[in-house]
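Visitor:
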Amino acid sequence: MRSGPPRAWAAGGAQSPMTKAAFIRICLLPLAVVVAAFFVLPMTRLVWIGASGRHGIAAYAAIVLEPRYAASLLDTVLLALATTVATLLIATVSGLFLQRRRFPGRALLVAMLTLPLAFPGVVIGFLIILLAGRQGLLGDITLALFGQKLVLAYSLAGLFLGYLYFSIPRVILTIMAAVEKLDPSLEEAARTLGAGSWAIHRDIILPALAPALIASGAIAFATAMGAFGTAFTLATDIDVLPMLIYTEFTLSANIATAAALSVGLGLVTWAILALARIYGGNTVAANG
Amino acid sequence: MRARAIFAAQLTFTLLVAAFLIVPAVQSMLAGVTANYFRGIRSGLTLQWVQQVWQLYADTILRSFVIALATLGVTLVVGVPAAYGLHLRGGRLSRVVEEIITLPLAIPGLAIALALLLTYGGLSSFRRSWLFIMVGHVVFTLPFMVRSVLAIFAATDVKTLDESAASLGASPLRRFRDVIVPNARPGILAGSLMVVTLSLGEFNLTWMLHTPLTKTLPVGLADSYASMRLEIASAYTLVFFVMIVPLLVAMQIFAGYRNDPAGRHQ
Chain A
6 MRSGPPRAWA AGGAQSPMTK AAFIRICLLP LAVVVAAFFV LPMTRLVWIG ASGRHGIAAY
66 AAIVLEPRYA ASLLDTVLLA LATTVATLLI ATVSGLFLQR RRFPGRALLV AMLTLPLAFP
126 GVVIGFLIIL LAGRQGLLGD ITLALFGQKL VLAYSLAGLF LGYLYFSIPR VILTIMAAVE
186 KLDPSLEEAA RTLGAGSWAI HRDIILPALA PALIASGAIA FATAMGAFGT AFTLATDIDV
246 LPMLIYTEFT LSANIATAAA LSVGLGLVTW AILALARIYG GNTVAANG
Chain B
1298 MRARAIFAAQ LTFTLLVAAF LIVPAVQSML AGVTANYFRG IRSGLTLQWV QQVWQLYADT
1358 ILRSFVIALA TLGVTLVVGV PAAYGLHLRG GRLSRVVEEI ITLPLAIPGL AIALALLLTY
1418 GGLSSFRRSW LFIMVGHVVF TLPFMVRSVL AIFAATDVKT LDESAASLGA SPLRRFRDVI
1478 VPNARPGILA GSLMVVTLSL GEFNLTWMLH TPLTKTLPVG LADSYASMRL EIASAYTLVF
1538 FVMIVPLLVA MQIFAGYRND PAGRHQ
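Sequence order for the protein chains is A and B. Numbers in the working numbering are just positions in the first sequence, counted from 1, shifted up by 5. Numbers in the working numbering are just positions in the second sequence, counted from 1, shifted up by 1297.
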C-alpha cells in the first residue's frame, strides 16, 4: 500500500496553482503540530523529569532496585500474566465453539459476549463489586451453599476478575475472526490420515491460531499492566503499578518518581506490543 | 453420543462465560431502578434514582458530550487530511509518523496524562478548562481515526481515483473535497463512532486531567461509586449504558468491528 513506483503527480499538479507535494504537506501539517505539541513534547518532558529528582537518572533503576517498587512491579506482571493465560484459555474454547457450531440462540450469545466491549475500567470495577463485593451475588450464593460469604472484589482476585471481564470480549472476537480464516482442507486431510480430534487441535488448529493468540494475548497483557480505572474503583489494599504511580503523584507529590515509574510502565507495555507485532501480526492496545 | 456430550460441555462453558459478563451488568441496571437494592426487586421499581442522577450529575453528562463532539471535530480536521497525506506520500517517513501517532495506544493513559500535566499544568486557564481534557482525548483517539481512514484508502485504490481526477484538471483541494472524502466515508464513519465512544468512556487520562469544575461522566461515575448510595451509582451506570450501547451497536454494524476487534479502546 505504501511502496510502489514514484507517482506521476506532476500531471494534475502542474495545471493547478498548488503542487501536489505542497498540498500533501498542508494535509500533514495539523497532524505534525498536534502530535508534536501534545504528545512528543510532553513525553520527552516526562522522561526528563523522571531523571531530575533527588536520585537523578538512578530513579529509573529504582523501579527494579527499590523493594517496594520491585514488589509492585512483580505483582503487576504476575497479575497481567494470570489474566492473559486465563483469558486465552477461556476465549479459545468459547471462540472455537461459537465460530464452528451453529445452533439456535448463537447470535444472541455472541452479542452478549461482545456487549462489554465499550465498558470502561471504572464501570467494570463497579460490576465486580456487584458480583463479588460485600453485598455481592457471589457472597449470597456461597453463604447459601457453604454458610460462608466469599468476598473477592477488593483484593488481587477482584482485580483479576475485572481484567478478565475486560479482556474476554476482545480476545473472543479476535479468535473467532482467526477461526473463520482457518483452512478446513488441512483438517480434512488430517482426519483422512486418521488423526483424532485431540491431535487435530494440537497439531493443526492451535498452531494456525498462534498469531491471533499472540496478538490478542499481548493486548490483554499490556492492558492489564497499565489499567487504572478498575484498580481505582476496587482500591483498598491493591498496590499495582498504576495505583502506585497515582499515589506517588497525588498523595506523596513525589513527581520525579511518578514520572520515572510511568516511563518504565510505558516502556514495558510498548515493548510487549511491539514484540507481539513482530511475532503475531497487528496489535493495538486497549486502554482499561 | 460423545459428540453430543462435547457440544453440551462447550455450550455450558460458553454460557457460564456469558453469565459472568452479563449478570453483573443486568444487576447494575436493575439496581438503578429498584427502590431498595438490599430488599431487592420486591421493594418496587422507581425512576427516582435516575432523577437524582440527573440533578446531581447532569453537568458531567453534558460536558462529556461537548468534549466527545469537540474531540470528534478535531480528529476529523486533523486526522482525515493526515491519512490522505500519509497514504499518498508513502515511504519510510510516513510509516514512522504512523508509528508515532499509534504510540499513545501502547502507553498507559496515566503516563500520557502525567506528561500533559507536567508540560501544560502551569498554564492555569488552559489547565482549568475542559479543553485540557479534550487535548488528552484527541491524543488518545486520533490514531483510531487515522487508521480507520487509511484502511479505506488501502482498500479502495484511492490513488488511481485521485490521479484520474487530477488528469481531468481538478485542483488538489477540489479532489480532496469531491473525490477523496466521499470515497473515505465508511472509514470516516467508523473512525467517528470509535472516537465518540472512546471519548465518552475515557477515564484513565481524564481522572488525572479533570478539575472539580471539569468533571466528565466517567469521572462522575467513579465519584458516585466512592460516595453515593448503591442505587444512585447504579442508576448513573444505567444512564451511561443507555448512551454507550447504541454507539457500540452502530459501531458493530458500520465499522466491521469484528474484523478488527483489537483496533479499539479503553
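From the three backbone atoms N, C-alpha and C, an ideal C-beta is built for every residue, glycine too. This one's a predicted model, so the numbers in the text were calculated from it and none came from an experiment.
Against chain A, does Ile-1398 of chain B count as a neighbour if the rule is that its beta carbon must be under 8 Å from one of theirs?
Guide: With 8 Å as the cut-off, Ile-1398 of chain B counts as an interface residue toward chain A.
Visitor: Cβ closer than 7 Å: which chain A residues qualify as neighbours of Leu-1385 of chain B?
Guide: Within 7 Å Cβ-Cβ: Ile-29.
Visitor: Would you say Val-1516 of chain B and Trp-1504 of chain B are within 8 Å of each other, going by their C-beta atoms?
Guide: Yes. Within cutoff.
Visitor: Using the Cα positions of His-1507 of chain B and Phe-1429 of chain B, report the straight-line distance between them to the nearest angstrom.
Guide: Rounded to whole angstroms, His-1507 of chain B to Phe-1429 of chain B spans 8 Å at the Cα level.
Visitor: Hey, could you find the ends of the beta strand (DSSP E) Thr-1331 of chain B is sitting in?
Guide: Where Thr-1331 of chain B is concerned, the enclosing beta strand (DSSP E) stretches over 1331 to 1333.
Visitor: Let me know if Ile-1303 of chain B comes out buried or exposed under the rule of 16 or more other beta-carbons within 10 Å of its beta-carbon.
Guide: Exposed, because fewer than 16 other Cβ atoms sit within 10 Å of the Cβ of Ile-1303 of chain B.
Visitor: Do Phe-131 of chain A and Thr-1534 of chain B count as a contact pair if the criterion is CB distance below 8 Å?
Guide: Closer than 8 Å, so yes.
Visitor: Closer than 9 Å between beta carbons: that is the criterion. Which residues of the region 1431 to 1449 of chain B meet it against chain A?
Guide: Taking 9 Å as the Cβ-Cβ cut-off against chain A, the residues of the region 1431 to 1449 of chain B that qualify are Val-1432, Gly-1433, Val-1435, Val-1436, Phe-1437, Leu-1439, Pro-1440, Phe-1441, Val-1443, Arg-1444 and Leu-1447.
Visitor: If the criterion is Cβ atoms closer than 8 Å, does the pair Leu-1458 of chain B and Val-1435 of chain B meet it?
Guide: Not closer than 8 Å, so no.
Visitor: Closer than 6 Å by C-beta to Phe-226 of chain A: which residues in its own chain qualify, once you throw out the five before and the five after it? Chain order, please.
Guide: Correct list, in chain order: Ala-85, Thr-89 and Ile-277.
Visitor: If you draw a straight line from the C-alpha of Ser-1361 of chain B to the C-alpha of Met-1548 of chain B, how long is it?
Guide: Approximately 19 Å, taken between the alpha carbons.
Visitor: Can you tell which of B:Tyr-1381, B:Leu-1413, B:Gly-1498 and B:Leu-1465 has the C-alpha that lies nearest to the C-alpha of Thr-1453 of chain B?
Guide: Residue B:Tyr-1381 is the option with its Cα nearest to Thr-1453 of chain B.
Visitor: Could you name the residues of the region 261 to 275 of chain A whose beta carbon sits closer than 8 Å to any beta carbon of chain B, in the order they occur along the chain?
Guide: Per Cβ criterion, the list reads Ala-263, Ala-264, Ser-267, Val-268, Leu-270, Gly-271, Thr-274 and Trp-275.
Visitor: Who does Gly-1387 of chain B pair with in a DSSP beta bridge?
Guide: Answer is none; Gly-1387 of chain B lacks a bridge partner.
Visitor: How about the region 1329 to 1345 of chain B and the region 1386 to 1402 of chain B: do they share at least three Cβ pairs that are nearer than 8 Å?
Guide: Result no; under three Cβ-Cβ pairs closer than 8 Å.
Visitor: Roughly how many angstroms separate the alpha carbons of Ala-220 of chain A and Gln-1349 of chain B, rounded to a whole number?
Guide: Approximately 44 Å between the Cα atoms of the pair.
Visitor: Can you name the residues that DSSP bridges to Gly-1604 of chain B?
Guide: What the structure shows of chain B is the stretch from 1298 to 1563, and residue 1604 of chain B is not part of that stretch, so it cannot be assessed.
Visitor: Check whether the region 1522 to 1529 of chain B and the region 154 to 171 of chain A are in contact - that is, three or more C-beta pairs closer than 8 Å.
Guide: The region 1522 to 1529 of chain B vs the region 154 to 171 of chain A: no contact.
Visitor: Among B:Pro-1469, B:Ala-1316 and B:Thr-1343, which one has its Cα closest to the Cα of Ile-31 of chain A?
Guide: For the residues B:Pro-1469, B:Ala-1316 and B:Thr-1343, the minimum Cα distance to Ile-31 of chain A belongs to B:Pro-1469.
Visitor: Ignore the nearest five residues each way along the sequence and tell me which others in Ala-185 of chain A's own chain have a CB closer than 8 Å to its CB.
Guide: The sequence as given places Glu at residue 185 of chain A; Ala does not occur at that position. Closer than 8 Å at the Cβ level, and outside the excluded window around Glu-185 of chain A, lie Gln-104.
Visitor: Using DSSP with H/G/I as helix, E/B as strand and the rest coil, what is Leu-1411 of chain B?
Guide: Of the three classes helix, strand and coil, the one that applies to Leu-1411 of chain B here is helix, per DSSP.
Visitor: For Ser-21 of chain A, which of helix, strand or coil comes out of DSSP?
Guide: Note that Ser-21 of chain A has pLDDT 49, beneath the 50 cutoff, so the model's placement of it is unreliable and the number below is only indicative. DSSP places Ser-21 of chain A in coil when its eight states are reduced to three.
Visitor: Quick one, are the C-beta atoms of Pro-310 of chain A and Gly-1498 of chain B less than 8 Å apart?
Guide: Outside the modelled stretch of chain A, which goes from 6 to 293, sits residue 310 of chain A, for which no answer is possible.
Visitor: What is the C-beta distance between Gly-1433 of chain B and Leu-1495 of chain B, in whole angstroms, given that I count them as a contact (C-beta under 8 Å)?
Guide: Contact flag wrong, Cβ pair sits at about 11 Å.
Visitor: Relative to the alpha-carbon of Ile-134 of chain A, which residue among B:Leu-1544, B:Pro-1321 and B:Leu-1415 has its alpha-carbon at the smallest distance?
Guide: That would be B:Pro-1321, whose Cα lies nearest to the Cα of Ile-134 of chain A.
Visitor: With a CB to CB cut of under 6 Å and the five nearest residues on each side skipped, what residues in its chain are close to Ala-1462 of chain B?
Guide: Once the five neighbours on either side are set aside, the close Cβ partners of Ala-1462 of chain B are Arg-1472 and Val-1476.
Visitor: For a cutoff of 8 Å on Cβ pairs, would you count Thr-1368 of chain B as touching chain A?
Guide: Not one chain A Cβ lies under 8 Å of Thr-1368 of chain B.
Visitor: With burial defined as no fewer than 16 other Cβ atoms inside 10 Å of the residue's Cβ, what is the status of Pro-1509 of chain B: buried or exposed?
Guide: Exposed, by the Cβ-count rule.
Visitor: Using CA atoms only, rank isn't needed, just tell me which of B:Glu-1460, B:Trp-1351 and B:Ala-1315 is closest to Gly-100 of chain A.
Guide: Among B:Glu-1460, B:Trp-1351 and B:Ala-1315, the Cα nearest to that of Gly-100 of chain A is on B:Ala-1315.
Visitor: Alpha carbon to alpha carbon, what distance is there between Pro-109 of chain A and Arg-1301 of chain B?
Guide: Those two C-alpha atoms are separated by around 15 Å.
Visitor: Residues in its own chain within less than 7 Å of Val-273 of chain A by CB, not counting five upstream and five downstream?
Guide: Contacts found: Met-230.
Visitor: Report the three-state DSSP secondary structure of Leu-1342 of chain B (helix, strand or coil).
Guide: Three-state result, Leu-1342 of chain B: strand.
Visitor: Exposed or buried, Leu-1385 of chain B, counting other C-beta atoms within 10 Å across all chains shown (16 or more means buried)?
Guide: When all chains shown are included, Leu-1385 of chain B counts as buried.
Visitor: For the region 120 to 134 of chain A, list every residue whose C-beta sits within 8 Å of some C-beta in chain B, in sequence order.
Guide: From the region 120 to 134 of chain A, only Leu-120, Pro-121, Leu-122, Ala-123, Phe-124, Pro-125, Gly-126, Val-127, Val-128, Gly-130, Phe-131, Leu-132, Ile-133 and Ile-134 have a Cβ closer than 8 Å to chain B.
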